[in-house]
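Chains as they are written, first to last, in this note's numbering: chain A, 1 to 122; chain B, 1 to 122; chain C, 1 to 122; chain D, 1 to 122. All C-beta atoms in this analysis are idealised placements derived from N, C-alpha and C, irrespective of residue type, glycine included. Note that the coordinates shown come from a computational prediction; the quantities given were computed from them, not determined experimentally. Below: one structure, written as structure tokens.
Protein chains: 4
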Amino acid sequence: MFRLDEQSKIPKYEQLAEEIKDLIFVKVINSNEKLPSIRALSKEIMINPNTVQKSYHQLENQGYLYSIKGKGYYVAPIDMNQIEQRIENELKPEFFRLLQRAKHFGLSKKEILEWLRQVELD
Amino acid sequence: MFRLDEQSKIPKYEQLAEEIKDLIFVKVINSNEKLPSIRALSKEIMINPNTVQKSYHQLENQGYLYSIKGKGYYVAPIDMNQIEQRIENELKPEFFRLLQRAKHFGLSKKEILEWLRQVELD
Amino acid sequence: MFRLDEQSKIPKYEQLAEEIKDLIFVKVINSNEKLPSIRALSKEIMINPNTVQKSYHQLENQGYLYSIKGKGYYVAPIDMNQIEQRIENELKPEFFRLLQRAKHFGLSKKEILEWLRQVELD
Amino acid sequence: MFRLDEQSKIPKYEQLAEEIKDLIFVKVINSNEKLPSIRALSKEIMINPNTVQKSYHQLENQGYLYSIKGKGYYVAPIDMNQIEQRIENELKPEFFRLLQRAKHFGLSKKEILEWLRQVELD
DNA sequence: GTGGTCTAGACCACA
DNA sequence: GTGGTCTAGACCACT
């Protein structure tokens, strides 16, 4: 379900939180749905429970989750406007930065289009 | 010349090293050309000299730079084959990962193509 | 337990490492015995945890200690032959250098013997 | 004339200054006698002129030397009382510390006396 | 709580 | 002026 990059310099709790956030926006996990327990998830992705705890806790502080003592963590209802924002503020800039790098490496638009063709999207 | 993302969880020295590596591959800085001194660069991008040094030092260990004490850091002659490798190992996977995320967010190929159109590349 | 000379130009981490090494040779701390935690020791001798860590790390590289992540640093089994070597290579030369200086300052053997008398040794 | 320890963590300018100070106290170099020029000395002991300069400068600040522009550095008249002080404050404590270490290493007074016998002192 | 890493500022040795 | 080292504080991952 989740894949953390061991090598990355980005903290694991941050990687995990980002992935969860994506799943929420994308509605793979829906509002008021229960997340896996800290212990279960930590076992599944082979990291320390404390780290999972930190991800959940951070998402709770940011309003993406809420917790019920003794029961677990649940997805909070989300503001759908945020999706547009995230696309504009995160996805798009990252895309342009990547294309800029591709340009530096001497890639042509044609080659990028070829890559794009290889992906199923619609 | 360089722009570091203060917010990013990726260490500054790592961000900087990556940017320098790109400039070397792209031949904005050529072999045996001198890099800005540690202090000059640290002042310019407003970070601690130590952090710049760590970037330079890492690149030296990886063979991208060589240093002369009391004189400065210089670009080492590079193996151009590595460019192909970096495109395959870094750029392409990052591109696909990004498209995957875009898909999750419900973006269509058409929208991506629109973004692509906005970029000067060829 | 340890006393660092703040004034000395010798790095603190070096002073500390030397003192620890002595304690190990002298078996004040025995093989596989746990050292104080980095933070406990740093608090005790009022220096930055990083400095203690550097001492421990250096001793680990030299084979005097081994570490277990999340548990602590431990004394490695030592080769007792090294004691003789250290006496010959460190203690004795230092002693002779000191006597040489004493001579320059016009001290006589008698005065040195007087100093020696003041120390409990046997 | 001087011997610096390349390995030592003590700064070279400090090592040199200490040695010069000793020679002054011990009257190997007398009051108002001229010291070797910075360039000559730096060549002799194979270190950078700047480093010698720093030693001389420090000794001047501490009152052990005075300089005459265009001529060189000279030994200042010294207060002989300082010799006693240096013996008490430097030599003696260092001696006791060394004996303490010797004790830790299991050396007996007899062995120290044997060492002492090997040195010409009187 | 444990060890490990990143950023930072001051100082050293050298050209 | 150059690169290199030492000390320091905050944060990460894990027991």
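**Whole-number beta carbon distance between N30(D) and Y74(D), since they are thought to touch under 8 Å** = For the purposes of this step, residue 74(D) is taken as the residue at position 74 of the fourth sequence. For the purposes of this step, residue 30(D) is taken as the residue at position 30 of the fourth sequence. Taking a contact as a CB-CB distance under 8 Å, the pair Y74(D) and N30(D) does not count as one, their CB atoms being some 10 Å apart.
**C-alpha distance - F2(D) paired with G106(A), whole-angstrom precision** = Your numbering for residue 2(D) matches position 2 in the fourth sequence. Your numbering for residue 106(A) matches position 106 in the first sequence. Each residue's CA atom was taken as its position, placing F2(D) and G106(A) some 60 Å apart.
**Message:** Mapping the DSSP letters down to three states, classify S67(D) as helix, strand or coil.
**Reply:** As a working note, residue 67(D) is residue 67 in the fourth sequence. S67(D) carries a strand assignment under DSSP once its states are collapsed to helix, strand and coil.
**Asked** Per the contact definition of three or more C-beta pairs closer than 8 Å, is the region 50-60 of chain C in contact with the region 14-24 of chain C?
**Response** A contact exists between the region 14-24 of chain C and the region 50-60 of chain C.
**L59(B) versus E84(B) - alpha carbon distance** = Along the second sequence, one-based indexing puts residue 59(B) at 59. Along the second sequence, one-based indexing puts residue 84(B) at 84. When only Cα atoms are considered, L59(B) and E84(B) end up about 19 Å apart.
**Request:** Would you give the residue range spanned by the beta strand (DSSP E) that V75(B) belongs to?
**Result:** Here residue 75(B) refers to the residue found at position 75 when the second sequence is read from its first residue. Unbroken beta strand (DSSP E) run through V75(B): G72 to V75.
**Asked** E90(B) to R97(A), Cα distance in whole Å?
**Response** What you label residue 90(B) is simply residue 90 of the second sequence in a count that begins at 1. What you label residue 97(A) is simply residue 97 of the first sequence in a count that begins at 1. So the two alpha carbons sit approximately 13 Å from each other.
**Prompt:** K34(D) and G72(D) look like a contact to me (Cβ under 8 Å); what is the Cβ gap, rounded to whole Å?
**Reply:** Looking up residue 34(D) in the fourth sequence gives position 34. Looking up residue 72(D) in the fourth sequence gives position 72. The beta carbons of K34(D) and G72(D) sit about 5 Å from each other, so the pair counts as a contact at 8 Å.
**Request:** Use the C-beta contact count for L65(A): other C-beta atoms within 10 angstroms, 16 or more gives buried, fewer gives exposed.
**Result:** Stepping through the first sequence from its first residue, residue 65(A) is reached at position 65. Buried, by the Cβ-count rule.
**Message:** Looking at chain C, is there any beta carbon in it that lies within less than 8 Å of the beta carbon of E33(D)?
**Reply:** What you label residue 33(D) is simply residue 33 of the fourth sequence in a count that begins at 1. Output row for E33(D): interface = no.
**Message:** Against chain C, does L91(D) count as a neighbour if the rule is that its beta carbon must be under 8 Å from one of theirs?
**Reply:** Taking the fourth sequence and counting its residues from 1, one reaches residue 91(D) at position 91. Using a Cβ-Cβ cut-off of 8 Å, L91(D) counts as an interface residue toward chain C, since at least one Cβ of chain C sits closer than that to its own.
**Prompt:** Whose CA, out of I10(C), D5(C), E6(C) and F25(C), lies closest to the CA of Q82(C)?
**Reply:** Working through the third sequence from its first residue, we reach residue 82(C) at position 82. Sorting I10(C), D5(C), E6(C) and F25(C) by C-alpha distance to the C-alpha of Q82(C) places F25(C) at the top.
**Request:** Measure the alpha-carbon distance for K103(B) versus A102(A) and round it to whole angstroms.
**Result:** Working through the second sequence from its first residue, we reach residue 103(B) at position 103. Working through the first sequence from its first residue, we reach residue 102(A) at position 102. Their backbone Cα atoms lie some 21 Å apart in a straight line.
**Item:** Contact set for K12(B): own chain, Cβ-Cβ below 7 Å, skip 5 residues either direction
**Value:** Residue numbering aside, residue 12(B) sits at position 12 when the second sequence is read from its first letter. Non-local C-beta neighbours of K12(B) in its own chain, meaning closer than 7 Å and more than five positions away in sequence, comprise L4, I47 and T51, ordered along the chain.
**Prompt:** What in chain B is Cβ-close to L116(A), meaning under 8 Å?
**Reply:** As a working mapping, residue 116(A) is identified with position 116 in the first sequence. Residues of chain B passing the Cβ test: L99, K109, I112, L113 and L116.
**Prompt:** Is L41(B) buried or exposed, if buried means 16 or more other CB atoms sit within 10 Å of its CB?
**Reply:** On the second sequence, position 41 is the one that residue 41(B) refers to. Residue environment: L41(B) is assigned as buried (16 or more neighbouring CB atoms within 10 Å of its CB, all protein chains considered).
**Message:** Determine, for K9(D), whether the minimum Cβ-Cβ distance to residues of chain C falls below 8 Å.
**Reply:** Here the question's residue 9(D) lines up with position 9 in the fourth sequence. So yes, K9(D) belongs to the interface.
**Asked** In terms of residues, what are the limits of the alpha helix (DSSP H) holding S55(A)?
**Response** Along the first sequence, one-based indexing puts residue 55(A) at 55. Counting along the chain, the alpha helix (DSSP H) containing S55(A) begins and ends at P49 to N61.
**Item:** Any C-beta of chain D under 8 Å from that of I87(C)
**Value:** Taking the third sequence and counting its residues from 1, the one referred to as residue 87(C) is at position 87. So yes, I87(C) belongs to the interface.
**Message:** Counting only Cβ pairs nearer than 7 Å, list the residues of chain C close to V26(D).
**Reply:** By 1-based counting over the fourth sequence, the position of residue 26(D) is 26. In chain order: H104 and F105.
**Request:** Kindly indicate which residue of Q62(D), S37(D) and E94(D) has the alpha-carbon position closest to the one of I68(D).
**Result:** Taking the first residue of the fourth sequence as position 1, residue 68(D) is located at position 68. Comparing alpha-carbon positions, the option among Q62(D), S37(D) and E94(D) lying closest to I68(D) turns out to be S37(D).
**Message:** Looking at K27(C): is its Cβ nearer than 8 Å to the Cβ of I10(D)?
**Reply:** Taking the third sequence and counting its residues from 1, one reaches residue 27(C) at position 27. Taking the fourth sequence and counting its residues from 1, one reaches residue 10(D) at position 10. Their beta carbons are not under 8 Å apart, which means K27(C) does not touch I10(D) by this criterion.
**Prompt:** What separation, rounded to the nearest whole angstrom, lies between the Cα atoms of M80(A) and N61(A)?
**Reply:** In the first sequence, counting from the first residue as 1, residue 80(A) sits at position 80. In the first sequence, counting from the first residue as 1, residue 61(A) sits at position 61. Taking the straight line joining both Cα atoms gives about 19 Å.
**Prompt:** Since F95(A) meets chain B, which of its residues come closer than 7 Å, beta carbon to beta carbon?
**Reply:** As a first step, residue 95(A) is located in the first sequence; it is residue number 95 there, counting from the start. By Cβ distance, chain B contributes L98 and W115.
**Message:** Please report the straight-line C-alpha distance between L99(D) and I112(C), rounded to a whole angstrom.
**Reply:** Translated into positions along the fourth sequence, residue 99(D) becomes position 99. Translated into positions along the third sequence, residue 112(C) becomes position 112. The straight-line gap separating the alpha-carbon atoms of L99(D) and I112(C) is approximately 12 Å.
**Request:** Return helix, strand or coil for K12(D), following the three-state DSSP convention.
**Result:** Along the fourth sequence, one-based indexing puts residue 12(D) at 12. K12(D) carries a helical assignment under DSSP once its states are collapsed to helix, strand and coil.
**Request:** Could you tell me the distance, in whole angstroms, from the CA atom of E120(B) to the CA atom of K21(A)?
**Result:** Locating residue 120(B) in the second sequence gives position 120, where the first residue counts as 1. Locating residue 21(A) in the first sequence gives position 21, where the first residue counts as 1. Going from the Cα of E120(B) to the Cα of K21(A) covers about 32 Å.
**Request:** Rank K109(C), K110(C) and R117(C) by C-alpha distance to the C-alpha of S108(D) and give the top, closest one.
**Result:** Position 108 of the fourth sequence holds residue 108(D). Comparing Cα positions, the closest option is R117(C).
**Message:** Taking a contact to mean a Cβ-Cβ separation below 8 Å, would you say K110(A) touches W115(B) in this structure?
**Reply:** By one-based count along the first sequence, residue 110(A) stands at place 110. By one-based count along the second sequence, residue 115(B) stands at place 115. Contact: no.
**Request:** Please list the segments of the alpha helix (DSSP H) lying wholly inside the region 72-114 of chain C, counting only runs of 4 or more residues, in order along the chain.
**Result:** Complete alpha helix (DSSP H) runs here, min 4: 81-86 and 92-104.
**Message:** Suppose you measure from the CA of P77(A) to the CA of I87(A); what does that come to, to the nearest Å?
**Reply:** For this step, residue 77(A) is matched to residue 77 along the first sequence. For this step, residue 87(A) is matched to residue 87 along the first sequence. The alpha-carbon atoms of P77(A) and I87(A) are separated by roughly 19 Å.
**Asked** Which first and last residues belong to the alpha helix (DSSP H) in which L41(D) is found?
**Response** As a working mapping, residue 41(D) is identified with position 41 in the fourth sequence. Taken as a continuous stretch (DSSP letters only), the alpha helix (DSSP H) holding L41(D) covers I38 to E44.
**Item:** chain B contacts from the region 13-24 of chain A (Cβ-Cβ distance under 7 Å)
**Value:** Residues passing the 7 Å Cβ filter: E14 and D22.
**Prompt:** What is the DSSP secondary structure of K21(C), reduced to helix, strand or coil?
**Reply:** Residue mapping note: residue 21(C) aligns to position 21 of the third sequence, counting from 1. DSSP, reduced to helix, strand and coil, places K21(C) within a helical segment of the structure shown.
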